[in-house]
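K.L.:
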Amino acid sequence: MTGSFGRPTGQKTPENMAGNGSSHMGGWAIGKNVPWSVSWSGEQTYELQLSEDFPGLVDLVQLQRQGEGAPRFSALHVSRHRIGMVSHKCHVCGKTTPRGDRYIFPKESGGFVVMPDESRRYAGNVPPVHLSCARRAQKLCPHLSSAYAQPIAFPSEESRLIERTDPVPGMEALASTLPQGLRIVFTCYRLYGPRFSKRVAQLRGGEMTMLT
Numbered sequence: 000m001t002g003s004f005g006r007p008t009g010q011k012t013p014e015n016m017a018g019n020g021s022s023h024m025g026g027w028a029i030g031k032n033v034p035w036s037v038s039w040s041g042e043q044t045y046e047l048q049l050s051e052d053f054p055g056l057v058d059l060v061q062l063q064r065q066g067e068g069a070p071r072f073s074a075l076h077v078s079r080h081r082i083g084m085v086s087h088k089c090h091v092c093g094k095t096t097p098r099g100d101r102y103i104f105p106k107e108s109g110g111f112v113v114m115p116d117e118s119r120r121y122a123g124n125v126p127p128v129h130l131s132c133a134r135r136a137q138k139l140c141p142h143l144s145s146a147y148a149q150p151i152a153f154p155s156e157e158s159r160l161i162e163r164t165d166p167v168p169g170m171e172a173l174a175s176t177l178p179q180g181l182r183i184v185f186t187c188y189r190l191y192g193p194r195f196s197k198r199v200a201q202l203r204g205g206e207m208t209m210l211t
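Counting from 0, one number per residue, gives the positions in the sequence shown under numbering that gives the first Met the number 0.
1. My assumption, with CB atoms under 8 Å, is that Glu162 sits in contact with Leu56. Please give the rounded CB distance.
2. Which word fits Arg98, buried or exposed, when buried means at least 16 other C-beta atoms lie within 10 angstroms of its C-beta?
3. Could you have a look at Glu171 and say whether DSSP puts it in helix, strand or coil?
4. What do you get for Gln149, buried or exposed, if any count of 16 or more other CB atoms within 10 angstroms of its CB means buried?
5. Drop a sphere of 10 angstroms on the beta-carbon of Glu67, count the other beta-carbons inside from all chains shown, and report buried for 16 or more, exposed for fewer.
6. Within 10 Å of its beta-carbon, does Lys138 have 16 or more other beta-carbons around it, so buried, or fewer, so exposed?
7. Given that a residue counts as buried once 16 or more other Cβ atoms are within 10 Å of its Cβ, and exposed if not, what is Leu59?
8. Do Ala136 and Val85 come within 7 Å of each other at the CB atom, strictly closer than that value?
9. What residue range is occupied by the uninterrupted alpha helix (DSSP H) comprising Cys132?
10. Could you tell me how far apart the beta carbons of Ala122 and Arg189 are, in whole angstroms, since I believe they sit closer than 8 Å?
11. Is Glu157 helix, strand or coil by DSSP?
12. Note down, in chain order, each residue of its chain lying with its Cβ closer than 7 Å to the Cβ of Ala69, except the 5 sequence neighbours on either side.
13. For Glu197, which option in Ser36, Gly110 and Ser73 has the closest C-alpha, if you only look at C-alpha atoms?
14. If you follow the beta strand (DSSP E) that Leu190 is in, where does it begin and where does it stop?
15. So, at 6 Å on beta carbons, what are the nonlocal neighbours of Met207 in its own chain, with the 5 sequence-adjacent residues on each side left out?
16. State the start and end residues of the unbroken beta strand (DSSP E) segment that holds Gln65.
This is the structure:
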């Protein structure tokens, strides 16, 4: 997806606008016209550390200097994205989304994965948002506004996080510089249950595009 808010490389996601709403750098305001989750040009340093969320694996960790340099709308910040996915931090404002105010845009983001029994489940690769933040995104995100996207309440049905140890599209060059033989978590997605997956498929008109 394209537009003034950019798109996370290799992943279908709505253009994000996240942050605490209090940071202003050269006309950029995190949470107003810059997503909390995007990477900045001053943050392009990475390291590896043992994963706290995926025991036995190694996390790819990105330097956090939000606001330094210019926003890179074409790439999500690796660490902030993972934090948002794990802790249900709002993709728009960066604050925790409470259970009763947690929404996603499943029609416009994520994709489907094939399960061992050959069924398909919806895999969301974007953190949730507050309803008020979703409304802001609807107005400011070209993709969401042109698609007349509607936020969907986060399902009560159980979901779980799944790590990705394969370099997602756009991370191949970085992956080639990392030590071989390690199971490195490049990103993660949330695997939703069969009922919600069926609903997402219906929202998409039966289309079950695979997660890339």
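Note that the Cβ used here is the ideal one computed from N, Cα and C, for glycine as well.
P.N.:
Taking the coordinates as given:
1. 6 Å
2. exposed
3. helix
4. Exposed, since its Cβ has fewer than 16 Cβ neighbours within 10 Å.
5. exposed
6. exposed
7. Within a 10 Å sphere around the beta-carbon of Leu59 sit 16 or more other beta-carbons, which makes this residue buried.
8. no
9. Here the alpha helix (DSSP H) through Cys132 covers Leu130 to Leu139.
10. 7 Å
11. coil
12. Trp39 and Ser40
13. Before going on, a small fix: residue 197 reads as Lys here, not Glu. Comparing Cα positions, the closest option is Gly110.
14. Per DSSP, Leu190 is one residue of the beta strand (DSSP E) stretching across Thr186 to Leu190.
15. The answer, listed in chain order, is Phe111, Arg119 and Ala200.
16. No beta strand (DSSP E) contains Gln65, which DSSP labels as neither H nor E.
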